[in-house]
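Chains A and B, in that order, give the protein sequences. So in our numbering, spot 40 of the first sequence is number 40, and the numbers just go up one at a time. One rule links them: number in our numbering = place in the second sequence (from 1) + 1000. No residue lacks a Cβ here, since even glycine has one placed at the ideal position from N, Cα and C. Scroll down for the structure; my scribbles are underneath it.
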Amino acid sequence: MKKKLATVWLDGCSGCHMSFLDMDERLIDLAEHFDLVYSPIVDQKIFPPDVDISLVEGSVSTDADEHKIKLIRERTATLVSLGDCAVTGNVPAMRNAFTVDSILERAFGDRPVTHPEIFQGLPKLLPRVRPIHEVVKVDVFVPGCPPSADTIYTLLRELLSGGSVDVARLTRFGA
Amino acid sequence: MARTIIIDPVTRLEGHAKITLQTNDRGEVESARFHVTQLRGFEKFCEGRPFYEMPTLMSRICGICPVSHLITSAKACDAILAVRIPPTAAKLRRILNLAQIIQSHALSFFYLSSPDLLLGMEADPAERNLFGVVRANPELGRGGVRLRQFGQQVIELLGEKRIHPGWVIPGGVSEALSAEKRDRILAMIPEALAITQNTLAWFKIRFESFREEVRTFANFPSLFMGLVTGNDRPGYYDGKIRFTDSTGRIVADNLDPANYPEFMGEEVEQATYVKSPYYKPMGYPNGMYRVGPLARLNLSKRCGTPLADQEWTEFRSLERGAVLSSFHYHYARLIEILHGIERIHALLDDPEILDTHVRASASLNNLEGIGASEAPRGTLIHHYRVNEQGLITWANLIIATGHNNLAMNRGILQVARHYVHGDKLTDGMLNRVEAVIRAFDPCLSCSTHAAGQMAIHVRLVNTAGELMDEVRRS
Ligand code: SF4
């Protein structure tokens, strides 16, 4: 049986997803062992149930991210924090030194503060950006900015065959 | 019954976005909006950091076009140092920039849009992805993977790393190119050229089956903007800004990107974190313009390399003035890939490319610097101010994708009106609404981090479209 794989993009730069694509033709060959059931590169709007492996890029920065990662956790057997943003907060967390209002003000002037309805219906920025494991339980941590395609390939091969992975051998923070 | 249709998230797109369509009692689409749903605040959190950190930090805005941010940021830092970088360094940066455009265009064309182009807009959603393309047409699918790989390998050979290389630095690049690496790139060129030419040949026949899409995918008059360099070619690494209109006439030329606040205004709109720039002399929203591959081919009189020039001529003969259908962004992207490969080849053939003088050193000489280049999706500008210690006090980023925001919104309305009828929704209709966005290839990873300090005009509109409140800041 093919495993169900999902890739998720929370608050990251998409570089971890690009590194996933950097497996190049190995990605196509590996796809004999999984179905990509949810990902920015497939047409699936709702996160499906019973996913075997979810690779999650980015940190939790908005109420929508928070909601999403909880749903993903419920529906995933093995949840992987992929990349430094997911593992530590990394770049997105640099905004933690500032208030949300000062960030909005810097971008849009004082209107969002005096007229919050301007951004009605959009996800709200949380006061603090958090790494994934502060919100839900994470099974595998894969640091790197981004983790290399080789790292992701080895990781997936192991996970797809049900083995365990010695991530420290493959990558490190800032790699 | 009037209702709101929400497509959330828009898939096969580089970023976080949703679309809302509002229909009336007769089920006709009355309004359409594209919402960007993320914001990160790079301009804020870079404050207080040393300016020479900016290229590597700012490249983290986007993993799809990190090189564009890296280069543009380094150019802003060159201006702060007030150095002229060595000619070989400029040539190496040029190669890196073209490699970036090739890999990003290949991502857009093959990974994100070719499922619609090959399998059709109405195909089974479960098949509409790269793996479906590989199953249906392995040559096309694998070719696309190899072509993106080509761009990424050039970046890796030059910069040591495919994503977020640190090789471009204020004053030049950190290491010269070796003969061995040059030869490895040269050896990859024939395959990349062949894939591109085959794909172009395939696409030119294929798009005949998309006449209705060509007619309705953001097909309207607008201005076009981009950098142009000597001999009226698109200036990918540098150049001056040109605006042309839908007849192809030049509206403004030789504009220095450093004077951008004089000719670009920005509008903040409701319910989206991305702003809408417009050509200031024509005001909002008449000053709507488009950027990126379609704009660059519309603005110029040639590409400047033999194979791409032939294609350019054929492309421009599609319409009498500028090519107005945004469906043809796809076509333009393929021609730019072809040009990029040819240009990289020519740059590598120049013996000077191996020169080891690739970095100019200087200390802080200016308290302000502006850099501009063409990213895959259009003109990118970084603007920094520093204090006497060289710490950033203020930064402003004008992101390529943002420029197209007005046109994308007009485009989804056009497509939605044509295809969507509220009482009988099908996946194929909604996929076309998404597909027009994909044609523009917006990089929302980038645009959600943009913030401007230009003239801002905020309009608060209620659901009936009535203006509730507005404010201007100049
Ligand atoms: S870890 Fe690095 S590459 Fe991955 S999303 Fe974060 S900034 Fe981008």
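Rounded to whole angstroms, what is the Cα-Cα separation between residue i and residue j?
| i | j | result |
| --- | --- | --- |
| S81 (chain A) | S54 (chain A) | 9 Å |
| R1184 (chain B) | R73 (chain A) | 44 Å |
| I1102 (chain B) | E1336 (chain B) | 8 Å |
| E32 (chain A) | G162 (chain A) | 15 Å |
| I1341 (chain B) | L1098 (chain B) | 8 Å |
| E1160 (chain B) | A1179 (chain B) | 15 Å |
| R1142 (chain B) | F1109 (chain B) | 13 Å |
| A1295 (chain B) | M1225 (chain B) | 6 Å |
| E1434 (chain B) | G83 (chain A) | 29 Å |
| T7 (chain A) | D24 (chain A) | 16 Å |
| G1048 (chain B) | C85 (chain A) | 21 Å |
| E1319 (chain B) | G1151 (chain B) | 31 Å |
| E1156 (chain B) | H1164 (chain B) | 10 Å |
| D1124 (chain B) | S1059 (chain B) | 36 Å |
| R1410 (chain B) | V1029 (chain B) | 13 Å |
| I1085 (chain B) | G1369 (chain B) | 15 Å |
| P1305 (chain B) | Y1236 (chain B) | Sequence check: residue 1305 (chain B) is Thr here, not Pro. Cα to Cα, T1305 (chain B) sits roughly 14 Å from Y1236 (chain B). |
| I28 (chain A) | A1089 (chain B) | 37 Å |
| P1087 (chain B) | V129 (chain A) | 42 Å |
| L1107 (chain B) | P147 (chain A) | 19 Å |
| A1362 (chain B) | L1354 (chain B) | 23 Å |
| F1263 (chain B) | T1229 (chain B) | 19 Å |
| I1095 (chain B) | V91 (chain A) | 28 Å |
| I1398 (chain B) | I1061 (chain B) | 12 Å |
| G1265 (chain B) | E1139 (chain B) | 45 Å |
| I41 (chain A) | N1129 (chain B) | 7 Å |
| P1442 (chain B) | R1040 (chain B) | 17 Å |
| V165 (chain A) | I46 (chain A) | 29 Å |
| G1371 (chain B) | L10 (chain A) | 29 Å |
| A1126 (chain B) | Q44 (chain A) | 8 Å |
| F178 (chain A) | G1428 (chain B) | Residue 178 (chain A) falls outside the range modelled here, since chain A spans only 1 to 175, and no answer is possible. |
| N1021 (chain B) | V1436 (chain B) | The residue asked about is misnamed: residue 1021 (chain B) is Leu in this sequence, not Asn. One C-alpha to the other measures close to 14 Å. |
| Y1279 (chain B) | M1288 (chain B) | 6 Å |
| P1285 (chain B) | A1032 (chain B) | 16 Å |
| E1043 (chain B) | D1025 (chain B) | 44 Å |
| K1181 (chain B) | P1351 (chain B) | 14 Å |
| I152 (chain A) | R26 (chain A) | 11 Å |
| E1175 (chain B) | W1167 (chain B) | 7 Å |
| G174 (chain A) | N1219 (chain B) | 44 Å |
| Q1197 (chain B) | H1403 (chain B) | 30 Å |
| D150 (chain A) | V1358 (chain B) | 31 Å |
| A1192 (chain B) | G1027 (chain B) | 47 Å |
| R1406 (chain B) | S1373 (chain B) | One detail in the question is off: residue 1406 (chain B) reads as Leu in this sequence, not Arg. Roughly 21 Å between the two C-alpha positions. |
| R1316 (chain B) | K1240 (chain B) | 22 Å |
If residue i and residue j are in contact, beta carbons under 8 Å, what's the gap, nearest whole angstrom?
| i | j | result |
| --- | --- | --- |
| R1490 (chain B) | N1231 (chain B) | Not covered by the structure: residue 1490 (chain B). The range shown for chain B is 1001 to 1474. |
| T62 (chain A) | P123 (chain A) | 4 Å |
| G1144 (chain B) | Y1111 (chain B) | 7 Å |
| Y1329 (chain B) | A1201 (chain B) | Not confirmed; about 19 Å, so no contact. |
| V167 (chain A) | V140 (chain A) | 7 Å |
| L1223 (chain B) | T1244 (chain B) | 7 Å |
| V1291 (chain B) | T1379 (chain B) | 6 Å |
| A1395 (chain B) | G1171 (chain B) | About 19 Å separates the two Cβ atoms, so there is no contact after all. |
| K4 (chain A) | V37 (chain A) | 5 Å |
| V1154 (chain B) | L1092 (chain B) | Contact flag wrong, Cβ pair sits at about 11 Å. |
- Query: Which ranges would you report for the alpha helix (DSSP H) in the segment 1095-1148 of chain B if only whole runs of at least 4 residues count?
  - Reply: Here the runs fully enclosed are 1130-1136.
- Go through the segment 1046-1087 of chain B residue by residue and report every complete run of the alpha helix (DSSP H) that reaches 4 residues or more, in order. Listed in chain order, they are 1054-1058 and 1066-1081.
- Can you list, in chain order, the stretches of the alpha helix (DSSP H) that have 4 or more residues and sit fully within the segment 1382-1435 of chain B? Listed in chain order, they are 1400-1403 and 1405-1419.
- Task: Examine the Cβ distances between the segment 1378-1387 of chain B and the segment 1070-1078 of chain B and report whether three or more of them are shorter than 8 Å.
- Result: Judged by Cβ distances under 8 Å, the segment 1378-1387 of chain B makes contact with the segment 1070-1078 of chain B, as three or more pairs qualify.
- Query: Taking only runs of the beta strand (DSSP E) that begin and end inside the segment 1150-1238 of chain B, which ones reach a length of at least 3 residues, in chain order?
  - Reply: Runs of the beta strand (DSSP E) inside the segment 1150-1238 of chain B: 1223-1229.
- Minimum length 3: unbroken beta strand (DSSP E) runs contained in the segment 117-155 of chain A: Within the segment 117-155 of chain A, the beta strand (DSSP E) runs of at least 3 residues that lie entirely inside it are, in chain order, 125-130 and 140-142.
- Evaluate contact between the segment 1049-1069 of chain B and the segment 1304-1319 of chain B, counting only Cβ atoms and requiring at least three cross-stretch pairs below 8 Å. Not touching, per the Cβ criterion.
- Whole beta strand (DSSP E) runs in the segment 40-122 of chain A with 3 or more residues, listed along the chain? Fully contained in the segment 40-122 of chain A are the following beta strand (DSSP E) runs of length 3 or more, in chain order: 51-57, 60-62 and 76-82.
- For the segment 1210-1221 of chain B and the segment 1325-1333 of chain B, state whether three or more C-beta atom pairs, one from each stretch, are separated by less than 8 Å. Contact holds: three or more Cβ-Cβ distances are below 8 Å.
- Task: Please determine if the segment 43-54 of chain A and the segment 9-20 of chain A are in contact, where contact requires at least 3 C-beta pairs separated by less than 8 Å.
- Result: Segments in contact, no.
- Task: For the segment 1342-1360 of chain B and the segment 1202-1212 of chain B, state whether three or more C-beta atom pairs, one from each stretch, are separated by less than 8 Å.
- Result: Between the segment 1342-1360 of chain B and the segment 1202-1212 of chain B, the count of C-beta pairs closer than 8 Å stays below three; the two stretches do not touch.
- Which runs of the alpha helix (DSSP H), 4 residues or longer, sit entirely within the segment 1296-1382 of chain B? List check, alpha helix (DSSP H) in window: 1306-1316 and 1329-1349.
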